[in-house]
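Report on the structure given below.
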Amino acid sequence: MTRTSRLISRLWPERLRAASVIEGRNRTSQLASIGIYVIMSMSFIAASVALSNTVRFVERNAVLSSRQPLFLPISLIVVVFSFMLTLAAALTVARERDRGTFRVLMFAPVDEVAFVLGNFAAQIRTYVVMALFGLVWASLATYFLNLAFSTQVLLAFAASVPTVAAVVAFGLLIGIWGGKTRTAIAYLVLIALAFIGLQIGGDVVANTTFSQSPTQNDPIVVVRNVIIAANSAIQWVSPYAQMSQGLDAILDGNLGKLALHIAVTVAQSTVFLLAAVLVLKRKGSG
Amino acid sequence: MQQRLAHRPAGLIRAIKAAGSIFVVFFAVLGMPIRSGAQAFPRERAFVYGVTNYDGRLYESTLAPPSVDTVYLLADRTNVLSPRNTLAYFWPITNRYQADWELMNELVTGTLQVSVGGRVERSIELSEYVVQYDIASPQDSLALLFGSEARAKFTEWDKAQSEYRTALEAYYAAQLRWNDQVNILRQKSASGIVPPNLMPPEPLEPVRQTVLSSTPAQGFLIALPVGTYDISVIRADGTLQPDSKKTLVMFEKQRDGISYNVVPQTRWIAAESSENDGDVVYALRGSTLYLQPHLSGRYNDLQYGRMLDPQDPAARPDRSRWVAFDAAPSSKMIVTRGAGPASELPSQFYYVRQLPGTGLGYEVVAFDPGVMEQPSFSGHAIQLNEPEIDIYMISDTGAIVAGSRRRIVALNTDMVWMPYAFGIVPAAMGVIVLLARRRATRRVGPEN
Chain A
99 MTRTSRLISR
109 LWPERLRAAS
119 VIEGRNRTSQ
129 LASIGIYVIM
139 SMSFIAASVA
149 LSNTVRFVER
159 NAVLSSRQPL
169 FLPISLIVVV
179 FSFMLTLAAA
189 LTVARERDRG
199 TFRVLMFAPV
209 DEVAFVLGNF
219 AAQIRTYVVM
229 ALFGLVWASL
239 ATYFLNLAFS
249 TQVLLAFAAS
259 VPTVAAVVAF
269 GLLIGIWGGK
279 TRTAIAYLVL
289 IALAFIGLQI
299 GGDVVANTTF
309 SQSPTQNDPI
319 VVVRNVIIAA
329 NSAIQWVSPY
339 AQMSQGLDAI
349 LDGNLGKLAL
359 HIAVTVAQST
369 VFLLAAVLVL
379 KRKGSG
Chain B
9 MQQRLAHRPA
19 GLIRAIKAAG
29 SIFVVFFAVL
39 GMPIRSGAQA
49 FPRERAFVYG
59 VTNYDGRLYE
69 STLAPPSVDT
79 VYLLADRTNV
89 LSPRNTLAYF
99 WPITNRYQAD
109 WELMNELVTG
119 TLQVSVGGRV
129 ERSIELSEYV
139 VQYDIASPQD
149 SLALLFGSEA
159 RAKFTEWDKA
169 QSEYRTALEA
179 YYAAQLRWND
189 QVNILRQKSA
199 SGIVPPNLMP
209 PEPLEPVRQT
219 VLSSTPAQGF
229 LIALPVGTYD
239 ISVIRADGTL
249 QPDSKKTLVM
259 FEKQRDGISY
269 NVVPQTRWIA
279 AESSENDGDV
289 VYALRGSTLY
299 LQPHLSGRYN
309 DLQYGRMLDP
319 QDPAARPDRS
329 RWVAFDAAPS
339 SKMIVTRGAG
349 PASELPSQFY
359 YVRQLPGTGL
369 GYEVVAFDPG
379 VMEQPSFSGH
389 AIQLNEPEID
399 IYMISDTGAI
409 VAGSRRRIVA
419 LNTDMVWMPY
429 AFGIVPAAMG
439 VIVLLARRRA
449 TRRVGPEN
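Printed below as a string of structure tokens:
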């Protein structure tokens with residue numbers, strides 16, 4: 099065994115222990131606050147609005163053909179949950195630095211990797227709890243409305259975990275990179291809204307009915323082409339774009355494609371986490 | 009002072025009059041009727057490809073003007089590119105470049121060079137071709153004929169058309185003669201009614217030609233595998249035809265399937281389309297649905313859209329589209345209701361009868377050829393009394409037709425409030441957590 103590998107084998111258990119302590123502290127604090135429950139309720143009510151719109155459509159039009167009426171509500175739930183957790187992740191790390199507790203923490207057997215990993219794991223474990231609530235909500239809606247039961251819903255929730263992980267990792271990076279809490283939040287909100295906006299904007303514009311004879315100069319075509327170009331450019335960095343394509347892969351039954359999108363999202367998480375650690379090391383505890 | 013005051017109104021009136029005159033002249037100029045005129049747009053001599061493309065069912069025609077740099081065609085099917093010089097113009101009504109074929113329609117003789125990565129893969133010579141099909145069964149009878157066979161088949165078709173026209177003229181003449189004979193017989197009859205035994209035989213209408221044919225034309229016949237190619241026309245004198253360089257994308261269908269038009273009885277003119285294999289059809293309990301299965305294919309939206317119209321700006325590369333073709337041939341629809349046995353669901357013709365009265369209303373009844381002129385639609389009728397029904401098609405061999413499975417579900421629309429109720433549960437849990445925390449905090453207060 100080389101010296102480096104001996105060092106690593108001694109270092110990582112310590113790191114994981116420290117990360118676990120940070121994770122436990124953050125998760126307990128999050129689950130014990132009312133905010134997370136209110137956010138869950140808000141997201142379920144937003145999802146209910148989307149679902150009841152589908153039901154109303156059937157009432158008015160007598161028939162609706164849909165691949166999966168729960169995917170829009172689930173997407174809403176995932177977006178709201180991920181946004182909340184990302185904001186929480188960014189706030190936690192930015193506050194630790196703002197208040198100077200990060201400097202104190204660095205005197206303990208905690209390094210930058212353990213700090214980032216602990217905060218990351220806390221949000222992911224919280225998300226898993228929230229996703230289970232989401233799954234219960236979706237299952238009850240399926241049962242009572244007599245929606246067709248589908249393993250696609252289960253897969254969608256499972257596939258959302260890497261998406262949320264990537265978004266949270268991004269939040270940590272912004273929280274550390276932004277420095278002050280306010281600046282970090284401003285950056286995060288702007289970037290997340292741009293990603294979400296492009297994703298939703300792309301879908302909305304794609305479904306907009308074109309005039310009978312659209313030209314290359316029609317504003318809607320220009321806007322649409324700009325959004326398509328932007329989406330194709332950001333799809334490799336935006337977890338939401340990957341999630342959208344992953345949901346399409348689930349609907350197509352293309353598990354290979356789903357695995358690809360999950361792999362891309364995992365790669366995004368890894369890059370964001372590594373970048374967060376590097377930025378934290380560069381900035382130091384001050 | 010008084011004089012000035014006395015003059016002021018007169019000056020004011022003069023000023024108003026002058027301003028008024030200017031105003032009238034200004035608006036008269038503005039309001040002058042614009043001379044009406046013909047909307048003729050400048051035509052320019054241009055090289056275009058006339059495209060005869062196979063769309064998955066039949067052949068369509070379109071135009072690839074100089075503004076189009078890529079032509080999309082279905083792979084492994086014979087398509088035709090016809091090199092032409094014409095007068096092109098921009099038509100703002102449809103926002104498309106059009107060709108004025110009447111003023112100029114010159115065939116550019118030469119060879120089509122098909123290259124991949126700068127290497128010439130194929131040189132295609134001009135061929136004469138015609139497209140023919142029988143409107144009674146377009147997909148089975150569709151043929152793109154070329155060379156001497158094209159000319160021979162067209163001559164045969166033209167002769168048949170000519171014979172049909174002659175027979176039709178003879179029929180009309182015979183019909184007139186027959187009418188005259190019947191009138192004379194009616195006048196001779198005391199009752200004004202011609203006895204059946206004296207009635208002359210009515211002339212028979214000749215059988216209408218159902219085969220359609222294009223006129224023979226010259227073009228490059230292209231049948232290439234999937235791929236991206238560069239094409240250009242080398243003229244007879246060996247020079248490159250300007251504007252003939254384009255990218256040619258040969259694409260294929262992504263998937264075959266069966267799409268259903270789902271016609272609800274309560275909205276029979278507003279059918280819902282169910283295109284994907286995994287689609288679930290949601291409807292109201294107790295409703296009647298009529299299913300119309302069609303063969304369909306899934307294509308990339310940009311490729312298929314630009315194949316039909318190379319100037320289409322709305323087609324998207326990141327989307328797919330299902331294209332429904334003919335009704336699914338000789339397939340049976342099988343339905344299973346819950347755990348019950350599978351049963352065949354026959355297709356029937358239906359007639360929509362308007363209800364009498366001033367209010368709107370109709371009823372859908374089975375078509376009776378004895379008393380009804382023609383059916384309104386046909387379909388497999390399903391009465392949705394169960395929570396869910398599964399349907400699929402089987403072919404003549406008894407195999408399930410790929411992409412034909414659908415689930416039809418009766419939605420519990422009266423339970424729409426339930427998801428909202430579940431949505432409140434986490435907030436209620438949050439309040440409980442908060443109260444429990446406060447209680448715990450009080451318990452470990454400063455006095456302890």
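Chains as they are written, first to last, in our numbering: chain A, 99 to 384; chain B, 9 to 456.
Ideal placement from N, C-alpha and C gives every residue a C-beta, glycine not left out.
These numbers were taken from a predicted model, which means no experiment stands behind them.
Neighbour flag for residue i against chain A, beta carbons, 8 Å
i: B:Thr-405; result: no
i: B:Ser-295; result: yes
i: B:Phe-430; result: yes
i: B:Gly-125; result: no
i: B:Met-315; result: no
C-beta neighbour in chain B for residue i, strict 8 Å
i: A:Met-138; result: yes
i: A:Trp-235; result: yes
i: A:Tyr-135; result: yes
i: A:Phe-181; result: no
i: A:Phe-242; result: yes
i: A:Ala-373; result: no
i: A:Ile-283; result: no
i: A:Leu-81; result: This structure does not reach residue 81 of chain A, given that chain A is present from 99 up to 384, and the question cannot be answered.
i: A:Ser-146; result: yes
i: A:Phe-54; result: Here chain A covers residues 99 to 384 and nothing more, so residue 54 of chain A does not appear.
i: A:Leu-238; result: yes
i: A:Arg-165; result: yes
Residue i (DSSP reduced to helix, strand or coil)
i: B:Leu-229; result: strand
i: B:Gln-140; result: strand
i: B:Gly-118; result: strand
i: B:Gly-126; result: coil
i: A:Gly-216; result: helix
i: B:Leu-150; result: coil
i: B:Gly-387; result: strand
i: B:Glu-177; result: helix
i: A:Ala-331; result: helix
i: B:Arg-104; result: strand
i: B:Arg-85; result: coil
i: B:Lys-340; result: strand
i: B:Met-380; result: coil
i: A:Lys-355; result: helix
i: A:Ile-132; result: helix
i: B:Met-207; result: coil
i: B:Ala-281; result: Looking at the sequence itself, residue 281 of chain B is Ser, so the reference to Ala does not match. Strand at B:Ser-281.
i: A:Ser-141; result: helix
Sheet register partners of residue i (DSSP bridge)
i: B:Phe-162; result: Bridge partners of B:Phe-162: none, in fact.
i: A:Ile-348; result: Its beta-bridge partners do not exist; DSSP assigns none.
i: B:Arg-263; result: B:Arg-306
i: B:Ser-75; result: Its beta-bridge partners do not exist; DSSP assigns none.
i: B:Arg-53; result: B:Leu-95
i: B:Lys-254; result: B:Ile-239
i: B:Asn-191; result: BP columns for B:Asn-191 are empty, so no partner.
i: B:Ala-291; result: A:Val-161 and B:Ala-418
Span of the beta strand (DSSP E), counted from its first residue to its last, around residue i
i: A:Ser-164; result: 161–164
i: B:Val-373; result: 370–374
i: B:Met-401; result: 396–402
i: A:Ser-173; result: Taken as a continuous stretch (DSSP letters only), A:Ser-173 belongs to no beta strand (DSSP E), being part of the alpha helix (DSSP H) at 169–197.
i: B:Ala-335; result: 328–335
i: B:Ser-197; result: B:Ser-197 -> no beta strand (DSSP E), and no H or E assigned at all.
i: B:Ser-221; result: 219–221
Host alpha helix (DSSP H) of residue i (start-end)
i: B:Phe-357; result: First-last for B:Phe-357: 355–362, but that is the beta strand (DSSP E), not the alpha helix (DSSP H).
i: A:Ser-248; result: A:Ser-248 -> no alpha helix (DSSP H), and no H or E assigned at all.
i: B:Gly-469; result: One cannot answer for residue 469 of chain B here, as it falls past the ends of chain B, which runs 9 to 456.
i: B:Leu-419; result: Not the alpha helix (DSSP H): B:Leu-419 falls in the beta strand (DSSP E), residues 414–419.
Positions along the region 345–360 of chain A whose CB lies within less than 9 Å of some CB in chain B: Leu-349, Asp-350 and Gly-351
Below 9 Å between beta carbons is the criterion; list the residues of the region 274–288 of chain B that meet it against any residue of chain A, in chain order. Along the region 274–288 of chain B, the positions whose C-beta sits under 9 Å from a C-beta of chain A are Thr-274, Arg-275, Ala-278, Ala-279, Glu-280, Ser-281, Ser-282, Glu-283, Asn-284, Asp-285, Gly-286, Asp-287 and Val-288, read in chain order.
By the 9 Å beta-carbon criterion, what residues does the region 107–136 of chain A contribute toward chain B? Leu-129, Ala-130, Ser-131, Ile-132, Gly-133, Ile-134, Tyr-135 and Val-136
Taking any Cβ of chain B, which residues in the region 152–163 of chain A have a Cβ under 7 Å from it, in chain order? Val-153, Val-156, Glu-157, Asn-159, Ala-160, Val-161, Leu-162 and Ser-163
Which of the residues in the region 318–335 of chain A, read from start to end, lie with their CB under 7 Å from any CB of chain B? Val-319 and Ile-326
Using Cβ-Cβ distances below 7 Å, what residues of the region 411–423 of chain B are close to chain A? Arg-415, Val-417, Ala-418, Leu-419, Asn-420, Thr-421 and Met-423
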